[in-house]
Each structure stands twice: as structure tokens, then as C-alpha cells.
Amino acid sequence: MPNELGRGSKALAAWKERHAPDGAAVRSGGGIHVVDVPGGRRAGTLLVHFAALDRAEAEKDLPGDPAAVAARAGWTGLHVLSEGRSWFREPFVTGLFDGRNEGEWFDGFEQIVFHGTGPAGYAAAAYSLAAPGARVVAIAPVATLDPRVAPWDRRTPEGRRLDWWGPYAYAPDMARGAGAAFVLFDPQVDEDAMHAALFLGAGATALRMRGAGPAPEVVLRQGGGMGRLLGSAALGDLDPESFAEIWRDARRSSPLYLMRLADRLHAARRPALLSAVLRHGAGAVPYRRFARLARLAGVTKG
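Numbering-wise (this note's numbering), the sequence shown opens with residue 230 and increments by one.
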């Protein structure tokens, strides 16, 4: 397995400065960095977190970064980070999880949560195979981009050219051994809903986020829901009922969700509901556009 300790990009250095204490071990290969962050008071809980470094950097000011959630909770962190877009199909990654599975590394933890969004959500589901009984929290994941299985998803042509066979390949099947697998998605985003259907057919649980759009994790983080989501998953308390409460609170506090809702109400010519949303948004979120739109609509003074 390639091993380039201590090397990496500026994005990796920035991520380490935010999330990795001095004792964190870093291994790199093939554009992938693996950061092992020791746990604290709840080191028996492990978060296996997949993310793209450029996306993490772009969203660094949002609350609820999964790495920060793990650190605050005192969990152990295994963070698998990519340079640019990746579906984590690189041999370096498959070798990592093969090695930790064969070495029974995962057996040292009481609770394990695999988490990621989009391509990283695919990886979270697929590599959960290495830790049977773990819980999977995948946000808008792809099941596969094999054109023979998912010909309807043409969003990322480079992904369709990858080899989607072999170890850790078809994510819904890989997640069958999870203690619980949760797929979060907006059913109004067609491709995400179709991928989710493949997971649900393999036994995953749907957690629907209607109106969140193509970036549901941003809505969750803006609304303070990511920490609650991962915490509930770690405790084994996550289910559709508990998530409904998390989602309700998050969408009421997310500027992205509220602006999307306002745009839909404006297009549908629902002035009374639009006024209510603008009034709520102007008072609930620190987003100047709400206050300006509310004033223009005459629902607030200023």
C-alpha cells in the first residue's frame, strides 16, 4: 500500500489544522488521504467519514462538519479524504479497508457509523462491508454509476467510465450487512430518488428531505441537524420518527431551504404563504437577503 506520511495538499493541511490534533496519523496514496484521529471520552465510538477536500474547504464555515461533530463528542475518527471528486474506488482505499477488516481493527469499537454525501455517501455504504453491524448514514448517495445499472444518471460522465465491478462495488449490496443503513435524499431530485430506490430495495431505510434540493447536507448543517443526526445514529436511536423532528427543525433554520421554498411559492403565485416564509426567514436566520425581500414584499418594516 502506498505510504506518504506527512505529505499532501494545502487543502489537506487546512483540514488537518481544523480537525486533526498533533497526534493524528496521516497516510496518503493515489490522491486519497486517510487521517486517523484518536478518540477522547467516547473513543469506543468510531466515525468513518468520507469527504472531498475541496468540498470540505468550501463548506468550512458551516456548522456541523462531521469531523468536528466527532471531535466534540470524543469519538475516534477515521477520515478518508479525496483530492477533487472521487468515488473512492482507488486501490489505496480498497486496500485500506481490506487490511483493517483482516486485522480485526473494527472489532475494537462498540459503535461504528459510516457517513458521507454524494460520491462519499456511495463510499460510506460500500465500505461498511468491512465492519459488519456498523450503521450507515449516506446523504444523496449513488448506488453505482455503471451505465448498465443506472443509465439515467448522466450527471458525472467521468464517473460512468469507472470500473464499477469488483470489491466494494455495488453499494446497496455492500450495505446489507450493516446494523442499519439510512439513505437521506430529496425525493424531488430525480437521480437521487432513483439511487435511493436501489438502496431501499436492498433493505435500507429512507429518510426523505423534501425540498432540500441537490445539497441536502448543506440544509442539515445550516439548520444544526448534522450533529443530532450522527449522534442519534451512534446511539442507535435514529429512525424515521426521530429524523422527522431533526429535519423539521433544520429546515426552519436553513437559509438555503427557506430561499428554495420562497422561490417555489413565488413561482406558484402563493403570496400569503410567501409572506409568511419571508417573515419567518427575516427573523430566524442571519441572512440579509431575507430581510431585504421581506421589506420589499411589505411584510416587515425597515
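Positions of the beta carbon are idealized from the N, C-alpha and C atoms, including for glycine.
Count the CB pairs spanning the stretch 237-246 and the stretch 285-301 that are closer than 8 Å, and state whether there are at least three.
-> Below 8 Å, enough C-beta pairs join the stretch 237-246 and the stretch 285-301 to call them touching: three or more.
Span of the beta strand (DSSP E) holding residue 392?
-> Note, residue 392: premise wrong, no beta strand (DSSP E); not H, not E.
With 16 other CB atoms within 10 Å as the buried threshold, where does residue 291 fall?
-> In the assembly as shown, residue 291 is an exposed residue. Its beta-carbon has fewer than 16 other beta-carbons within 10 Å.
Based on the DSSP secondary-structure assignment, which residues constitute the bridge partners of residue 265?
-> Paired residue(s): 254, 307.
Could you name the residues that DSSP lists as bridge partners for residue 322?
-> Partner(s): none; residue 322 has no beta bridge.
Ordered along the chain, which non-local residues of its own chain (more than five positions away) have a Cβ less than 6 Å from that of residue 247?
-> Closer than 6 Å at Cβ, skipping near neighbours: no residue.
Compute the Euclidean distance between the alpha carbons of residue 417 and residue 462, then round it to the nearest angstrom.
-> Spanning the two alpha carbons is a distance of roughly 25 Å.
When the Cα atoms are used, what is the spatial distance from residue 498 to residue 440?
-> Pairing residue 498 with residue 440, the inter-Cα distance amounts to about 17 Å.
Could you tell me whether the stretch 410-430 touches the stretch 304-316, where touching means 3 or more Cβ pairs closer than 8 Å?
-> Between the stretch 410-430 and the stretch 304-316, the count of C-beta pairs closer than 8 Å stays below three; the two stretches do not touch.
With a CB to CB cut of under 6 Å and the five nearest residues on each side skipped, what residues in its chain are close to residue 309?
-> Take residue 309, set aside five residues on each side of it, and the residues of its chain with a beta-carbon closer than 6 Å to its own are 263, 279, in chain order.
Residue 411 by DSSP, collapsed to three states: which one?
-> Strand at residue 411.
Collapsed DSSP secondary structure at residue 349 in the structure displayed | In this structure, residue 349 counts as helix in the three-state DSSP scheme.
Going straight from the alpha carbon of residue 376 to that of residue 387, what length do you get?
-> Here the alpha carbons of residue 387 and residue 376 stand approximately 12 Å from one another.
How many Å lie between residue 372 and residue 355 at the Cα?
-> The alpha-carbon atoms of residue 372 and residue 355 are separated by roughly 9 Å.
Using the beta-carbon count (16 or more within 10 Å), is residue 381 buried or exposed?
-> Counting C-beta atoms within 10 angstroms of its own C-beta, residue 381 has fewer than 16 neighbours from the protein chains shown and is therefore classed as exposed.
Buried versus exposed, by CB contacts within 10 Å (16 or more), residue 378 | By the neighbour-count rule (16 or more Cβ atoms within 10 Å), residue 378 is not buried but exposed.
Segment limits, beta strand (DSSP E) that includes residue 437 | Where residue 437 is concerned, the enclosing beta strand (DSSP E) stretches over 434-437.
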